[in-house]
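Inspection log for the structure reproduced underneath, given as structure tokens.
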Amino acid sequence: VRSRICFVRCHRFSYMSSPVPQPDETEAMHLSSSDGVIEPCLAAVSEDPWKLVRVAMGSLAAEPWRVKQALLCPSEAFTLLPSAQISPYESFQKTQSFDLFRQSAPFFPCETNRTVDVIIIGPLERLEEKVHVQKVCAHLEAFVGFRLVVRSQHLALGKWTQPRTGVDGNEQLAAQALLAEVQNLASPRSVCTVGLTAWDIYPPRMYDFVTGISNIAQRCAVYSTARYFYGKPTSRASIEPTSAAFVAALCRECCKLCGIGECCLLRCLMNPFKGALPEHIREHPLNLCCICLHKLQWITQSDLLDRYARLLGVTSEWFVDEALWLTDR
């Protein structure tokens, strides 16, 4: 069966009832499918990265006016991710489009209690020696758009954590054991459950240490602050850069737990991480591009314009460039 659709897909095709083109969708390509193989007419869009961005962003035909306003003029508000090694179309193929995200989303917006649960592993005082826990949680809540709930009961350490001495002489806890305990305490109604610890953690095999471990299927994860700016003396002055890097990492990982994949078209927090050290996450902006914002809006069902205002209230201290971008936006 051959069919022609005016909806942008390059890997799989989907059907829409009475598609209504947007003003910037008039140049969207047509896709044809034959025997399950889709052959995109690349001549119109493959050399123009902004057309590929519009394709990946998905249709805005049925979206409220405020969503369209928040995603208005992407070429003026966002920056293309420079790449001299691959073509724009290859970057598009590596990017999770909005429609692929909806097909693989771990939950529908109405299926959760709209909360992100945070469990502190070990004494809170030790974690606060590394990061500003309250400010980190405020940034995370404003970024993802879900209510953040910090459990009042902290996980007490014991033999169940399988402690050991690492190769560099510091005490480590078993990441798999911590993750299993977080999964036991997690509510299936929560968006995700995240455990935070100041202890160094080690995986079951291959590596001497990791900065985090997650179970995407269960939407649970454990993240450690121990390796951020590792080897440098801890002081009051070092808490702020560590907190800022940890905020960026947590926001990125929570988006992953919500099913949001990597983006290779625009500069975005969801760009592939290529840093050698965990604090190199600060090379990514604490912003989402229009493609990822559309995904976040769908999964949270929140107002993106209100999100801009909430983010501006918390980012001005640690993320000046992002705060200026929000002001202009």
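Under this note's numbering, the first residue of the sequence shown is numbered 1036, with each subsequent residue one higher. From the three backbone atoms N, C-alpha and C, an ideal C-beta is built for every residue, glycine too.
**residue 1174, buried or exposed, once every other Cβ within 10 Å from all chains shown has been counted against 16** = buried
**Prompt:** So, is residue 1061 buried or exposed, given that buried needs 16 or more other C-beta atoms within 10 angstroms?
**Reply:** With a pLDDT of only 36 at residue 1061, under the threshold of 50, the placement of this residue in the model should not be trusted; the figure read from the coordinates follows. Counting Cβ neighbours within 10 Å, residue 1061 comes out exposed, since fewer than 16 surround it.
**Message:** Between the alpha carbons of residue 1184 and residue 1128, how many angstroms are there, rounded?
**Reply:** 37 Å
**Item:** Cβ contact check for the segment 1199–1213 and the segment 1163–1181: 3 or more pairs under 8 Å
**Value:** no
**Item:** Beta bridge counterpart(s) of residue 1206 as assigned by DSSP
**Value:** 1200
**Message:** In the DSSP output, what is residue 1311 paired with across the bridge?
**Reply:** Partner(s): none; residue 1311 has no beta bridge.
**Request:** Count the other C-beta atoms from every protein chain shown that fall within 10 angstroms of the C-beta of residue 1160, then say buried if there are 16 or more, exposed otherwise.
**Result:** exposed
**Prompt:** For the candidate residues 1201, 1250, 1233 and 1093, whose alpha-carbon lies nearest to that of residue 1216?
**Reply:** 1250
**Item:** Run of the beta strand (DSSP E) containing residue 1341, from where it starts to where it stops
**Value:** From DSSP, residue 1341 is part of no beta strand (DSSP E) but of the alpha helix (DSSP H) over 1339–1350.
**Message:** Within the continuous beta strand (DSSP E) that includes residue 1237, where are the two ends?
**Reply:** 1235–1237
**Beta-bridge pairing of residue 1259 - partner residues as DSSP gives them** = 1232
**Message:** Using 8 Å as the threshold, is the C-beta distance between residue 1322 and residue 1357 below it?
**Reply:** yes
**Asked** Which residues in the same chain have their Cβ closer than 7 Å to the Cβ of residue 1345, if we skip the five residues on either side of it in sequence?
**Response** 1177
**Item:** Simplified DSSP state of residue 1145, which is helix, strand or coil
**Value:** helix
**Request:** Report the rounded CA-to-CA distance for residue 1021 versus residue 1304, giving the unit in angstroms.
**Result:** In this structure the chain extends from 1036 to 1364, so residue 1021 is not present and cannot be described.
**Request:** Give me whichever residues DSSP pairs with residue 1182 in a beta bridge.
**Result:** 1150
**Request:** Taking residue 1248 as part of the beta strand (DSSP E), name the residues at either end of that continuous run.
**Result:** 1247–1250
**Buried versus exposed, by CB contacts within 10 Å (16 or more), residue 1332** = buried
**Asked** Is the Cβ-Cβ distance between residue 1221 and residue 1255 less than 8 Å?
**Response** yes
**Asked** Where residue 1088 and residue 1123 are concerned, what is the direct C-alpha to C-alpha distance, given to the nearest angstrom?
**Response** 10 Å
**Message:** Considering only the alpha carbon of each residue, which of 1235, 1111, 1202 and 1143 lies closest to residue 1196?
**Reply:** 1235
**Message:** Helix, strand or coil for residue 1292? Go by DSSP, reduced to three states.
**Reply:** helix
**Asked** Between which two residues does the alpha helix (DSSP H) harbouring residue 1086 extend?
**Response** 1084–1092
**Request:** For residue 1133, I'd like the list of residues in its chain whose CB is within less than 8 Å of its CB, leaving aside the five on either flank, ordered along the chain.
**Result:** 1091, 1092, 1093, 1326, 1329, 1330 and 1333
**Message:** If contact is defined by three or more beta carbon pairs under 8 Å, each pair taking one atom from either stretch, is the segment 1148–1155 in contact with the segment 1223–1234?
**Reply:** yes
**Item:** Close-in-space but distant-in-sequence residues of the same chain around residue 1106 (CB under 6 Å, 5 per side omitted)
**Value:** 1325
**Message:** Buried or exposed, going by whether 16 or more other CB atoms sit within 10 Å of the CB of residue 1257?
**Reply:** buried
**Item:** For residue 1112, the first and last residue of its enclosing alpha helix (DSSP H)
**Value:** 1109–1112
**Asked** Buried or exposed: where does residue 1359 fall if 16 or more other Cβ atoms within 10 Å of its Cβ makes it buried?
**Response** exposed
**Prompt:** Residues in its own chain within less than 6 Å of residue 1135 by CB, not counting five upstream and five downstream?
**Reply:** none
**Item:** Candidates 1293, 1263 and 1289: closest to residue 1313 by CA position
**Value:** 1263
**Message:** Short of 6 Å in beta carbon distance, which residues of its chain neighbour residue 1293, apart from the five on each side in sequence? Order them along the chain.
**Reply:** 1334
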